[in-house]
Amino acid sequence: MKTRALLFTLLLGLIVPIHAATAGSLEESGNDFVRICAIVNRVDQVDHGHLSEQEMVDAGTCVGYLMGLTDGVGMQHMFSRAYGDKSDAVYCFPDEGIPLVQQLRIVLKYINDNPERAHLRTGTLAAEAFHKAFPCSK
110 MKTRALLFTL
120 LLGLIVPIHA
130 ATAGSLEESG
140 NDFVRICAIV
150 NRVDQVDHGH
160 LSEQEMVDAG
170 TCVGYLMGLT
180 DGVGMQHMFS
190 RAYGDKSDAV
200 YCFPDEGIPL
210 VQQLRIVLKY
220 INDNPERAHL
230 RTGTLAAEAF
240 HKAFPCSK
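In this note's numbering, the protein residues as written are 110 to 247.
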């Protein structure tokens with residue numbers, strides 16, 4: 110049920126215009142990511158109508174950002190391998206995958222647990238969080 114609620118939130122986030130407070134700042138720093146994406150900890154309330162329109166937009170924006178980031182990293186690694194790069198991936202999700210809400214919570218927890226790094230770009234912090242949670246075995 111949570112997956113459907115999250116998908117609904119994502120779709121709504123694509124339909125509803127993103128307000129200036131959200132647009133463009135999500136990727137700038139971990140501080141901004143936490144400010145905007147902390148709503149995912151309440152995603153189970155979507156079914157009960159307890160999220161405002163802006164909160165649903167924020168959740169959809171966070172999901173879309175993280176999907177793009179992880180898809181981009183995965184594609185880059187796949188193409189690098191195809192052209193002979195033998196370096197290890199930054200992180201290795203299990204074959205069965207990781208639900209998006211869990212991915213978001215992993216990144217949020219990492220940033221909250223490492224406040225001295227929260228000023229760094231969100232993509233860097235997400236890669237560090239996933240590397241810590243899902244290191245590649247050698």
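Backbone N, C-alpha and C define an ideal beta-carbon position, used for all residues, glycine too.
Residues in the same chain with beta-carbon distance under 8 Å from residue i, minus the five sequence neighbours each way, listed in chain order, please.
{"i": "Ser138", "result": "Ala227, His228, Leu229, Arg230, Thr231"}
{"i": "Ser189", "result": "Ser196"}
{"i": "Leu135", "result": "Asp141, Phe142, Ile145, Cys146, Thr170, Cys171, Tyr174, Thr231"}
In this structure, how does DSSP classify residue i when only helix, strand and coil are distinguished?
{"i": "Gly183", "result": "helix"}
{"i": "Gly206", "result": "coil"}
{"i": "Glu225", "result": "helix"}
{"i": "Lys218", "result": "helix"}
{"i": "Glu237", "result": "helix"}
{"i": "Glu162", "result": "helix"}
{"i": "Ser246", "result": "coil"}
Does residue i pass the burial test, meaning 16 or more other C-beta atoms within 10 Å, or should it be called exposed?
{"i": "Ala177", "result": "It is Gly, not Ala, that sits at residue 177 in the sequence shown. Answer is exposed; the Cβ neighbour count stays below 16."}
{"i": "Ala191", "result": "exposed"}
{"i": "Glu225", "result": "exposed"}
{"i": "Phe142", "result": "buried"}
{"i": "Thr170", "result": "buried"}
Give me, in chain order, the residues of the same chain whose beta-carbon lies closer than 6 Å to that of residue i; leave out the 5 immediate sequence neighbours on both sides.
{"i": "Asp222", "result": "none"}
{"i": "Ala236", "result": "Val199"}
{"i": "Tyr219", "result": "Ala238"}
{"i": "Asp204", "result": "none"}
Roughly how many angstroms lie between the CA atoms of residue i and residue j, to the nearest whole one?
{"i": "Tyr200", "j": "Phe239", "result": "6 Å"}
{"i": "Ile215", "j": "Ile148", "result": "14 Å"}
{"i": "Ser246", "j": "Ala198", "result": "10 Å"}
{"i": "Asp180", "j": "His159", "result": "30 Å"}
{"i": "Leu175", "j": "Val182", "result": "11 Å"}
{"i": "Ala168", "j": "Leu213", "result": "10 Å"}
{"i": "Phe202", "j": "Gln185", "result": "15 Å"}
{"i": "Ile207", "j": "Pro244", "result": "14 Å"}
{"i": "Thr233", "j": "Asn150", "result": "22 Å"}
{"i": "Asp194", "j": "Met187", "result": "9 Å"}
Looking only at its own chain, which residues have a Cβ that is under 7 Å from the Cβ of residue i, when we skip the five neighbours before and after it?
{"i": "Leu115", "result": "For Leu115, the predicted structure reports a pLDDT of 45, less than 50, and the residue's modelled location is therefore unreliable. A value from the coordinates is still provided. Result list for Leu115: Val152, Val172, Leu209, Val210, in chain order."}
{"i": "Lys241", "result": "Tyr219"}
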